[in-house]
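Chemist: Residue numbers (our numbering): 26 to 179. Submitted below is the structure of interest, expressed as C-alpha coordinates.
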(Lines of atoms letter the chains of each structure in order from A and count residues from 1; the text may use other names and numbers.)
(Lines give C-alpha, C1' and ligand atoms only; values in the text may rest on other atoms or scores of the structure.)
Protein backbone atom coordinates (compact mmCIF):
# COMPACT_ATOMS: atom_id res chain seq x y z
CA UNK A 1 0.00 0.00 0.00
CA UNK A 2 2.93 2.33 0.56
CA UNK A 3 3.85 1.78 -3.11
CA UNK A 4 0.28 2.76 -4.02
CA UNK A 5 0.59 6.05 -2.12
CA UNK A 6 3.96 6.86 -3.71
CA UNK A 7 2.46 6.20 -7.14
CA UNK A 8 -0.65 8.32 -6.45
CA UNK A 9 1.42 11.24 -5.19
CA UNK A 10 3.64 11.07 -8.29
CA UNK A 11 0.80 11.29 -10.81
CA UNK A 12 -1.38 13.78 -8.96
CA UNK A 13 0.77 16.70 -7.78
CA UNK A 14 -0.32 17.98 -4.38
CA UNK A 15 -2.48 14.95 -3.67
CA UNK A 16 -0.47 14.14 -0.57
CA UNK A 17 -2.16 17.15 1.04
CA UNK A 18 -5.67 15.91 0.20
CA UNK A 19 -8.01 14.92 3.05
CA UNK A 20 -8.13 11.47 1.42
CA UNK A 21 -4.65 10.80 2.81
CA UNK A 22 -5.29 11.93 6.37
CA UNK A 23 -4.53 9.01 8.64
CA UNK A 24 -2.88 6.95 5.88
CA UNK A 25 0.17 6.08 8.01
CA UNK A 26 -2.12 4.83 10.77
CA UNK A 27 -4.12 2.90 8.16
CA UNK A 28 -0.95 1.12 7.02
CA UNK A 29 0.17 0.42 10.56
CA UNK A 30 -3.12 -1.27 11.47
CA UNK A 31 -3.84 -3.25 8.28
CA UNK A 32 -6.26 -4.80 7.64
CA UNK A 33 -7.94 -2.37 10.07
CA UNK A 34 -11.11 -0.89 8.54
CA UNK A 35 -10.73 -3.32 5.62
CA UNK A 36 -11.09 -6.42 7.82
CA UNK A 37 -14.18 -8.63 7.65
CA UNK A 38 -16.99 -8.61 8.36
CA UNK A 39 -17.48 -4.99 7.22
CA UNK A 40 -14.48 -4.73 4.91
CA UNK A 41 -12.14 -6.62 2.62
CA UNK A 42 -8.55 -6.31 1.46
CA UNK A 43 -7.91 -8.32 -1.71
CA UNK A 44 -4.37 -8.97 -2.89
CA UNK A 45 -3.66 -10.34 -6.36
CA UNK A 46 -0.60 -12.57 -6.58
CA UNK A 47 1.20 -13.62 -9.74
CA UNK A 48 4.23 -15.91 -9.80
CA UNK A 49 4.55 -15.51 -6.04
CA UNK A 50 4.69 -11.72 -6.27
CA UNK A 51 2.07 -9.20 -5.13
CA UNK A 52 0.56 -7.82 -8.34
CA UNK A 53 -2.20 -5.54 -7.09
CA UNK A 54 -4.73 -4.79 -4.40
CA UNK A 55 -8.13 -3.29 -3.76
CA UNK A 56 -10.03 -2.62 -0.53
CA UNK A 57 -13.62 -2.42 0.61
CA UNK A 58 -14.61 -0.24 3.56
CA UNK A 59 -18.04 -0.56 5.12
CA UNK A 60 -19.86 2.69 5.87
CA UNK A 61 -23.11 1.26 7.21
CA UNK A 62 -25.24 -1.84 6.67
CA UNK A 63 -26.14 -0.86 3.10
CA UNK A 64 -23.20 1.15 1.73
CA UNK A 65 -19.55 0.28 1.26
CA UNK A 66 -16.69 2.10 -0.43
CA UNK A 67 -14.08 0.85 -2.90
CA UNK A 68 -10.64 2.10 -1.91
CA UNK A 69 -7.00 1.81 -2.94
CA UNK A 70 -7.19 -0.01 -6.30
CA UNK A 71 -3.60 -0.43 -7.43
CA UNK A 72 -1.78 -2.70 -9.88
CA UNK A 73 2.01 -2.68 -9.83
CA UNK A 74 3.51 -1.36 -13.10
CA UNK A 75 5.10 -4.68 -14.12
CA UNK A 76 1.68 -6.38 -13.94
CA UNK A 77 -0.42 -3.81 -15.79
CA UNK A 78 -2.18 -4.72 -19.03
CA UNK A 79 -3.19 -8.18 -17.75
CA UNK A 80 -6.73 -7.31 -16.54
CA UNK A 81 -5.67 -7.68 -12.90
CA UNK A 82 -7.39 -4.44 -11.91
CA UNK A 83 -10.65 -5.50 -13.53
CA UNK A 84 -10.47 -8.94 -11.89
CA UNK A 85 -9.84 -7.38 -8.49
CA UNK A 86 -12.80 -5.01 -8.85
CA UNK A 87 -15.09 -7.83 -10.01
CA UNK A 88 -14.07 -9.94 -7.03
CA UNK A 89 -14.61 -7.02 -4.68
CA UNK A 90 -18.10 -6.39 -6.07
CA UNK A 91 -18.96 -10.04 -5.49
CA UNK A 92 -17.57 -9.89 -1.93
CA UNK A 93 -19.68 -6.78 -1.25
CA UNK A 94 -22.76 -8.48 -2.66
CA UNK A 95 -22.19 -11.55 -0.46
CA UNK A 96 -21.82 -9.22 2.52
CA UNK A 97 -25.33 -7.92 1.74
CA UNK A 98 -24.26 -4.38 0.85
CA UNK A 99 -26.70 -2.66 -1.51
CA UNK A 100 -24.18 -0.33 -3.11
CA UNK A 101 -20.51 0.50 -3.42
CA UNK A 102 -19.38 4.10 -3.77
CA UNK A 103 -15.99 5.46 -4.73
CA UNK A 104 -14.20 8.69 -5.45
CA UNK A 105 -11.20 9.00 -7.72
CA UNK A 106 -9.02 11.78 -9.08
CA UNK A 107 -10.09 12.90 -12.56
CA UNK A 108 -6.70 11.87 -13.97
CA UNK A 109 -7.30 8.16 -13.23
CA UNK A 110 -8.95 7.48 -16.60
CA UNK A 111 -7.94 3.80 -16.82
CA UNK A 112 -9.39 3.08 -13.39
CA UNK A 113 -12.62 4.87 -14.33
CA UNK A 114 -12.91 2.66 -17.43
CA UNK A 115 -12.47 -0.46 -15.28
CA UNK A 116 -15.12 0.72 -12.83
CA UNK A 117 -17.59 1.41 -15.64
CA UNK A 118 -16.92 -1.96 -17.28
CA UNK A 119 -17.74 -3.65 -13.98
CA UNK A 120 -21.01 -1.75 -13.48
CA UNK A 121 -20.18 1.52 -11.72
CA UNK A 122 -21.93 4.67 -12.91
CA UNK A 123 -21.21 8.35 -12.36
CA UNK A 124 -23.00 9.93 -9.43
CA UNK A 125 -23.02 13.18 -7.46
CA UNK A 126 -20.56 14.05 -4.72
CA UNK A 127 -21.65 13.42 -1.14
CA UNK A 128 -23.04 16.52 0.55
CA UNK A 129 -20.17 16.62 3.04
CA UNK A 130 -17.40 16.39 0.41
CA UNK A 131 -15.13 19.48 0.39
CA UNK A 132 -16.43 21.92 -2.23
CA UNK A 133 -12.95 22.94 -3.39
CA UNK A 134 -12.07 19.32 -4.31
CA UNK A 135 -15.24 18.44 -6.24
CA UNK A 136 -13.92 19.74 -9.61
CA UNK A 137 -10.99 17.29 -9.58
CA UNK A 138 -12.77 14.19 -8.30
CA UNK A 139 -14.98 11.65 -10.09
CA UNK A 140 -17.73 10.04 -8.00
CA UNK A 141 -19.17 6.66 -8.92
CA UNK A 142 -21.45 4.02 -7.45
CA UNK A 143 -22.43 0.45 -8.21
CA UNK A 144 -25.95 -0.69 -7.39
CA UNK A 145 -25.61 -4.20 -5.99
CA UNK A 146 -29.36 -4.73 -6.05
CA UNK A 147 -29.03 -5.15 -9.82
CA UNK A 148 -28.65 -8.66 -11.13
CA UNK A 149 -25.13 -10.04 -11.30
CA UNK A 150 -25.03 -9.64 -15.08
CA UNK A 151 -26.08 -6.01 -14.84
CA UNK A 152 -23.59 -5.10 -12.12
CA UNK A 153 -20.65 -7.30 -13.13
CA UNK A 154 -20.10 -7.63 -16.84
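For each residue, glycine too, the CB sits at the ideal point set by N, CA and C. As the structure is a computational prediction, the values presented were derived from the model and not from experiment.
Could you pull the start and end residues of the alpha helix (DSSP H) that residue 143 belongs to?
Modeler: It spans 135-144 - the alpha helix (DSSP H) in which residue 143 sits, taken as one unbroken run.
Chemist: Between the C-alpha atoms of residue 1 and residue 71, what's the straight-line distance to the nearest angstrom?
Modeler: Nothing can be reported for residue 1, as the shown portion of the chain is limited to 26 through 179.
Chemist: Quick one: complete beta strand (DSSP E) runs, 3+ long, within the stretch 83-154?
Modeler: 89-97 and 125-131, all fully within the stretch 83-154.
Chemist: Would you report the Cα separation of residue 170 and residue 135, rounded to the nearest angstrom?
Modeler: Roughly 23 Å between the two C-alpha positions.
Chemist: Determine the direct distance from the alpha carbon of residue 99 to that of residue 75, and round the result to whole angstroms.
Modeler: Residue 75 and residue 99: Cα-Cα distance of roughly 12 Å.
Chemist: Excluding the 5 residues flanking residue 114 on each side, which residues of the same chain have their C-beta closer than 7 Å to its C-beta?
Modeler: Once the five neighbours on either side are set aside, the close Cβ partners of residue 114 are 66, 68, 80, 82 and 92.
Chemist: Measuring alpha carbon to alpha carbon, tell me which of 124, 109, 103 and 163 ends up nearest residue 86.
Modeler: Minimum Cα distance to residue 86 is reached at 124.
Chemist: Alpha carbons only, please: which of 150, 154, 126 and 155 is nearest the one belonging to residue 141?
Modeler: It is 126.
Chemist: Determine the contact status of residue 104 and residue 143, defining contact as a CB-CB distance below 8 Å.
Modeler: Result no, Cβ atoms of residue 104 and residue 143 do not sit closer than 8 Å.
Chemist: Measure the C-alpha to C-alpha separation of residue 160 and residue 151 and round it to an integer number of angstroms.
Modeler: When rounded, the distance between both Cα atoms is 7 Å.
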